[in-house]
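In this note's numbering, the protein residues as written are 60 to 437. Where a beta carbon is used, it is the ideal one built from N, C-alpha and C, also for glycine. Keep in mind that this is a model prediction, so the values were computed, not measured.
The following block contains the structure:
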């Protein structure tokens, strides 16, 4: 059950109704994309979809931009549109930049092309992220690229559903990359589209964490193979120093002290919130110690929702204030890296709705995030 928002205005979140949307999306009060046989929201959230057992009425249909089948020739071979070919060119020439990677990203492109028959979902997801980047950086036709990004992502999800039970042992590289790229696209959409109310943002952010944390499931048992592959140089996490190998900074010290002395916090929530806060301090420390501060900070920040304990995600979903104030620090670090296109200006807005919700009791504990915001405005 969704937690009851404390703010009356958050109870009545603006929601565009879809008469043909699936029952699950209607119950969750989120907009359904009406993709069949399983809508995108249910697919990425790993939920049962009410579309699964029904045949859609022909009068309803589905917008062709979201449900168009793969183009195939007379021999059953897939064909690509000119736009998709342009997106592949954009990815092959700009992926290093827009994914903040310091190495040649050709192994990613090669993996997508070599696995196009056995794991076509990754190629579509690669193109989807390319389209999303263009939608952010190309203002005159941003709507066209955003629509294409959504279409390709939905198609990738359907292809993944069709092939996920087959040949995972030989497809662990594209499967891992698909999960990572999908998570990044959903993170951008979460930050950009759900930052006006706390209730809306928390629901979307928790959904996002479940998607991106699926990386753990995908790579389970295959991590050493991935590290031994041509992707190794593109995985900076393997070179990050161990926690405790350097003196931690003091950015989170005040909040840590407040959490440890706060009354009426259950032990499991306190432990999970402190662990999540420690990981944020590690993000700050890595960025400070790394010779490539910008890239290191971006990748560590994207990794944070994957490595925090599940109990912390549960506390967020319950709108527990001790979990929310930790998320306020995450928002502040997002704002520090606002030049990275995935984050943009979302950090300041998210911090604002959290600070308004938790109120003056936590004001002192949020001193460092406020300094970050004030410095940005100066």
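Simplified DSSP assignment, three categories, for residue i
i	result
residue 138	strand
residue 160	coil
residue 239	helix
residue 89	coil
residue 418	coil
residue 211	helix
residue 150	helix
residue 166	helix
residue 356	helix
residue 276	helix
residue 282	helix
residue 427	helix
residue 194	helix
residue 26	Because the chain in this structure spans residues 60 to 437, residue 26 falls outside the shown range and cannot be described.
residue 258	helix
residue 114	Note that residue 114 scores a pLDDT of 34, beneath 50, so its modelled location is shaky and nothing firm can be said.
residue 234	helix
residue 174	coil
residue 266	helix
residue 185	helix
Residue burial classification, residue i (beta-carbon count within 10 angstroms, cutoff 16)
i	result
residue 253	buried
residue 163	exposed
residue 381	buried
residue 420	exposed
residue 322	exposed
residue 311	buried
residue 202	exposed
residue 100	buried
residue 276	exposed
residue 189	buried
residue 200	exposed
residue 209	buried
residue 320	exposed
residue 432	buried
residue 343	buried
residue 232	buried
residue 215	buried
residue 93	buried
Straight-line gap, residue i to residue j (C-alpha atoms, nearest Å)
i	j	result
residue 251	residue 151	25 Å
residue 306	residue 331	22 Å
residue 414	residue 393	15 Å
residue 280	residue 269	19 Å
residue 219	residue 235	12 Å
residue 288	residue 244	24 Å
residue 339	residue 360	8 Å
residue 365	residue 181	20 Å
residue 147	residue 217	20 Å
residue 324	residue 334	15 Å
residue 196	residue 263	24 Å
residue 377	residue 194	34 Å
residue 308	residue 159	24 Å
residue 256	residue 139	40 Å
residue 282	residue 237	15 Å
residue 355	residue 179	30 Å
residue 316	residue 336	11 Å
residue 455	residue 141	Residue 455 lies beyond the range of the chain shown here (60 to 437); nothing can be said about it.
residue 318	residue 83	36 Å
residue 417	residue 91	31 Å
residue 222	residue 435	46 Å
residue 285	residue 423	44 Å
residue 362	residue 385	15 Å
residue 174	residue 375	38 Å
residue 368	residue 156	31 Å
residue 187	residue 212	6 Å
residue 411	residue 383	12 Å
9 Å Cβ cutoff, residue i in contact with chain B
i	result
residue 172	The question asks about chain B, but that chain is absent: this structure has only one protein chain.
Exercise. Return the chain-ordered ranges of every alpha helix (DSSP H) run that is complete within the region 308-350 and spans a minimum of 4 residues.
Key: If only complete runs of 4 or more residues are kept, the region 308-350 shows the alpha helix (DSSP H) at 312-320 and 326-348, in order along the chain.
Quiz item: Mind pulling the alpha helix (DSSP H) runs of 4 or more residues that sit fully within the region 360-424?
Solution: The region 360-424 contains, as complete alpha helix (DSSP H) runs of 4+ residues, the segments 369-376, 380-395 and 405-417 (chain order).
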